[in-house]
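Student: If you scroll down you'll find the structure; I have some questions about it.
Numbering (my numbering), first residue to last: 1 to 344.
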């Protein structure tokens with residue numbers, strides 16, 4: 001059995017009280033800054049978890065896994081603008097069960113299936129000035145696993161179905177609404193050692209994800225869209241080579257090639273117009289696919305002393321990640337880094 005505990009505290013101040021330059025009692029004209037709601041809040045989160053897990057072999061080739069996590073959450077959210085306090089005290093048990101069958105004694109193959117649930121506190125601000133309820137999740141997955149190269153290399157094919165509740169989804173640049181999101185797909189992974197010196201990790205995933213429900217304050221236009229940042233197609237290839245003799249003994253070089261297909265920047269939303277007139281419509285926009293290459297090295301000078309460095313985004317691709325509204329967050333261009341690591 002394992003246990004963990006965590007305490008978080010965040011103090012947020014966004015916007016400012018507008019100061020009128022007109023005569024007392026008359027409103028000042030709205031400026032773009034006034035479109036940002038004033039937020040002055042304090043969030044405190046205390047969590048304590050108990051984790052237990054066990055494995056039972058019914059016979060030589062059938063293994064049953066079971067366990068779970070018991071979470072204790074104490075969350076306090078103070079909205080200083082409205083002088084209101086929201087408290088969340090919850091105890092949640094998240095089970096996890098699974099089975100692994102090795103059908104053939106002569107082949108390094110296995111079939112697996114599992115079911116698990118998850119629980120996570122939210123810190124996103126709701127439109128009513130409070131905080132969203134904790135997230136709950138459910139994952140069902142199953143697949144095949146096969147070993148190659150004397151079990152040093154492993155291939156895994158997994159199909160999965162994931163449902164998440166109370167996931168924050170943006171309604172504007174500050175506030176969020178709770179949403180239910182479902183993802184179904186398939187993933188293929190190949191990982192392990194090709195030789196004594198060369199190891200690889202290759203993966204491809206197809207994900208069909210959509211927002212199936214939007215809570216109070218959210219836009220119904222979001223229904224049916226994929227969650228921001230989730231690409232239908234993605235792939236990754238990582239290779240690492242370690243030199244263990246000769247002049248380059250102690251040197252490791254690594255390359256990581258990552259691909260992500262089209263994905264939404266932000267959900268489609270419809271916000272009130274403070275100037276009167278039709279509401280503002282922020283349509284979901286697609287971010288372009290990207291291929292990113294990172295390379296690096298690590299040289300172990302001594303047992304506890306390592307020099308490392310590399311280049312991120314070597315191809316200098318223009319890459320964007322989901323932002324707020326119609327704005328995306330750009331990935332830094334080609335960037336070099338270097339450092340030393342000392343272990344005591």
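Where is the CB? At the ideal position from N, CA and C, for every residue including glycine.
Can you give me the C-alpha to C-alpha distance between residue 185 and residue 157, rounded to a whole angstrom?
Tutor: Within the chain shown, numbered from 1, the residue matching residue 185 stands at position 185. Within the chain shown, numbered from 1, the residue matching residue 157 stands at position 157. Each residue's alpha carbon lies about 11 angstroms from the other.
Student: State yes or no: is the C-beta of residue 100 within less than 7 angstroms of the C-beta of residue 119?
Tutor: One-based indexing of the chain shown puts residue 100 at position 100. One-based indexing of the chain shown puts residue 119 at position 119. Not closer than 7 angstroms, so no.
Student: Looking at the strands, I want to know which residues DSSP matches up with residue 236.
Tutor: Residue mapping note: residue 236 aligns to position 236 of the chain shown, counting from 1. Paired residue(s): 203, 258.
Student: Can you grab the Cα-Cα spacing for the pair residue 34 / residue 40, in whole Å?
Tutor: In the chain shown, the residue the question calls residue 34 occupies position 34. In the chain shown, the residue the question calls residue 40 occupies position 40. Its pLDDT being 42, under 50, residue 34 is placed unreliably in this model, and the coordinates cannot settle the point.
Student: Cα separation between residue 137 and residue 197?
Tutor: Taking the chain shown and counting its residues from 1, one reaches residue 137 at position 137. Taking the chain shown and counting its residues from 1, one reaches residue 197 at position 197. Approximately 40 angstroms, taken between the alpha carbons.
Student: Looking only at its chain, what residues have a beta carbon closer than 7 angstroms to the beta carbon of residue 206, apart from the 5 residues adjacent to it on each side?
Tutor: Numbered from 1 along the chain shown, position 206 holds the residue referred to as residue 206. Here the set comprises 185, 186, 232, 233.
Student: May I have the straight-line CA-CA distance separating residue 314 from residue 302, to the nearest angstrom?
Tutor: Along the chain shown, one-based indexing puts residue 314 at 314. Along the chain shown, one-based indexing puts residue 302 at 302. Approximately 29 angstroms, taken between the alpha carbons.
Student: Expressed to the nearest angstrom, what Euclidean distance is found between the alpha-carbon atoms of residue 323 and residue 268?
Tutor: As a position in the chain shown, residue 323 is number 323, starting the count at 1. As a position in the chain shown, residue 268 is number 268, starting the count at 1. Whole-angstrom Cα-Cα distance: 13 angstroms.
Student: Note down the Cα distance separating residue 53 from residue 245, rounded to an integer number of angstroms.
Tutor: The residue you call residue 53 lines up with position 53 of the chain shown. The residue you call residue 245 lines up with position 245 of the chain shown. Cα to Cα, the separation comes out at about 42 angstroms.
Student: With a threshold of 6 angstroms on Cβ separation, who are the neighbours of residue 237 within its own chain once the five nearest residues in sequence on each side are excluded?
Tutor: Mapped onto the chain shown, residue 237 falls at position 237. For residue 237, where only same-chain residues beyond five positions count, the Cβ hits under 6 angstroms are 202, 257.
Student: Using beta-carbon positions only, say whether residue 71 and residue 98 come within less than 7 angstroms of one another.
Tutor: Within the chain shown, the letter at position 71 stands for residue 71. Within the chain shown, the letter at position 98 stands for residue 98. Result no, Cβ atoms of residue 71 and residue 98 do not sit closer than 7 angstroms.
Student: Does the Cβ of residue 126 have 16 or more other Cβ atoms within 10 Å, making it buried, or fewer, making it exposed?
Tutor: As a working note, residue 126 is residue 126 in the chain shown. When all chains shown are included, residue 126 counts as buried.
Student: Here's the rule I'm using: 16 or more other beta-carbon atoms within 10 Å means buried, otherwise exposed. How should residue 224 be labelled?
Tutor: Here residue 224 refers to the residue found at position 224 when the chain shown is read from its first residue. So residue 224 ends up on the exposed side.
Student: Could you give the C-beta distance for residue 222 and residue 140, rounded to a whole number, given that I count them as a contact under 8 angstroms?
Tutor: One-based indexing of the chain shown puts residue 222 at position 222. One-based indexing of the chain shown puts residue 140 at position 140. Going by Cβ atoms, the distance from residue 222 to residue 140 rounds to 25 angstroms, so no, they are not a contact pair.
Student: Check residue 132 in the structure and name its three-state DSSP category.
Tutor: In the chain shown, the residue the question calls residue 132 occupies position 132. Of the three classes helix, strand and coil, the one that applies to residue 132 here is coil, per DSSP.
Student: With the cut-off set at 7 angstroms, would you say residue 95 and residue 78 are in Cβ contact?
Tutor: Taking the first residue of the chain shown as position 1, residue 95 is located at position 95. Taking the first residue of the chain shown as position 1, residue 78 is located at position 78. Not closer than 7 angstroms, so no.
Student: Have a look at 103, 114, 65, 121 and flag the residue whose alpha-carbon is nearest the alpha-carbon of residue 89.
Tutor: Here residue 89 refers to the residue found at position 89 of the chain shown. Taking only the C-alpha atoms, the option nearest residue 89 is 121.
Student: Anyone know if the C-beta pair for residue 226 and residue 213 falls short of 7 angstroms?
Tutor: By 1-based counting over the chain shown, the position of residue 226 is 226. By 1-based counting over the chain shown, the position of residue 213 is 213. Contact: no.
Student: So, are the CB atoms of residue 167 and residue 191 less than 7 angstroms apart?
Tutor: The count along the chain shown starts at 1 and reaches residue 167 at position 167. The count along the chain shown starts at 1 and reaches residue 191 at position 191. It is not a contact, given that the beta carbons lie outside the stated cut-off.
Student: Please give me, in chain order, every unbroken run of the beta strand (DSSP E) with length at least 3 that falls completely inside the stretch 88 to 159.
Tutor: 109 to 120, 135 to 148, all fully within the stretch 88 to 159.
Student: With distance defined between alpha-carbon atoms, name the residue in 46, 42, 62 nearest to residue 83.
Tutor: Reading the chain shown from its first residue, position 83 is the one you call residue 83. Out of 46, 42, 62, 42 has the C-alpha closest to the C-alpha of residue 83.
Student: Who are the Cβ neighbours of residue 193 in its own chain at under 6 angstroms, not counting the five residues just before and after it?
Tutor: Stepping through the chain shown from its first residue, residue 193 is reached at position 193. Counting only Cβ-Cβ distances below 6 angstroms, and skipping sequence neighbours, we find 152, 199.
Student: Please report the straight-line C-alpha distance between residue 180 and residue 218, rounded to a whole angstrom.
Tutor: Mapped onto the chain shown, residue 180 falls at position 180. Mapped onto the chain shown, residue 218 falls at position 218. In a straight line, the C-alpha of residue 180 is about 12 angstroms away from that of residue 218.
Student: Starting from residue 74, follow its DSSP beta bridges and name the residues at the other end.
Tutor: Start at 1 with the first residue of the chain shown, and residue 74 comes out as number 74. DSSP lists 46, 89 as partners of residue 74.
Student: Find the nearest neighbour of residue 45 within the set 62, 133, 66, judged by alpha-carbon distance.
Tutor: Position 45 of the chain shown, counted from the first residue, corresponds to residue 45. Comparing Cα-Cα distances from residue 45 to each of 62, 133, 66, the minimum goes to 133.
Student: Could you spell out the range, first to last residue, of the beta strand (DSSP E) harbouring residue 228?
Tutor: Start at 1 with the first residue of the chain shown, and residue 228 comes out as number 228. First-last for residue 228: undefined, no H or E at that position.
Student: Could you check whether residue 339 and residue 300 sit closer than 7 angstroms to each other, using their CB atoms as the reference points?
Tutor: Taking the first residue of the chain shown as position 1, residue 300 is located at position 300. Taking the first residue of the chain shown as position 1, residue 339 is located at position 339. No, these two residues do not count as a Cβ contact at 7 angstroms.
Student: Rounded to whole angstroms, what's the CA-CA distance from residue 334 to residue 328? Just pull it up for me.
Tutor: Position 334 of the chain shown holds residue 334. Position 328 of the chain shown holds residue 328. Between residue 334 and residue 328, the C-alpha separation is close to 18 angstroms.
Student: Which word fits residue 342, buried or exposed, when buried means at least 16 other C-beta atoms lie within 10 angstroms of its C-beta?
Tutor: What you label residue 342 is simply residue 342 of the chain shown in a count that begins at 1. The residue is exposed, with fewer than 16 neighbouring Cβ atoms inside 10 Å.
Student: Tell me which same chain residues have a C-beta within less than 8 angstroms of the C-beta of residue 29, skipping the five on either side of it?
Tutor: The residue you call residue 29 lines up with position 29 of the chain shown. The pLDDT assigned to residue 29 is 40, lower than 50, so where the model puts this residue is not dependable; a value taken from the coordinates is nonetheless given after this. Nothing listed; no residue qualifies.
Student: Ordered along the chain, which non-local residues of its own chain (more than five positions away) have a Cβ less than 7 angstroms from that of residue 143?
Tutor: Counting from one through the chain shown, the residue named residue 143 turns up at place 143. Within the same chain, residue 143 has close Cβ partners 112, 156, 157, 158, 159.
Student: Pull up the distance between the alpha-carbon of residue 87 and that of residue 93, whole angstroms please.
Tutor: As a position in the chain shown, residue 87 is number 87, starting the count at 1. As a position in the chain shown, residue 93 is number 93, starting the count at 1. So the alpha carbons of these two residues sit roughly 20 angstroms apart.
Student: Does residue 284 come out as helix, strand or coil in the three-state DSSP assignment?
Tutor: For the purposes of this step, residue 284 is taken as the residue at position 284 of the chain shown. Residue 284: coil per DSSP, three-state reduction.
Student: For residue 251, collect the residues of the same chain with a Cβ closer than 7 angstroms to its Cβ; drop the 5 residues on either side in sequence, then sort them by chain order.
Tutor: Here residue 251 refers to the residue found at position 251 of the chain shown. Taken in chain order, the residues that qualify are 243, 297, 299.
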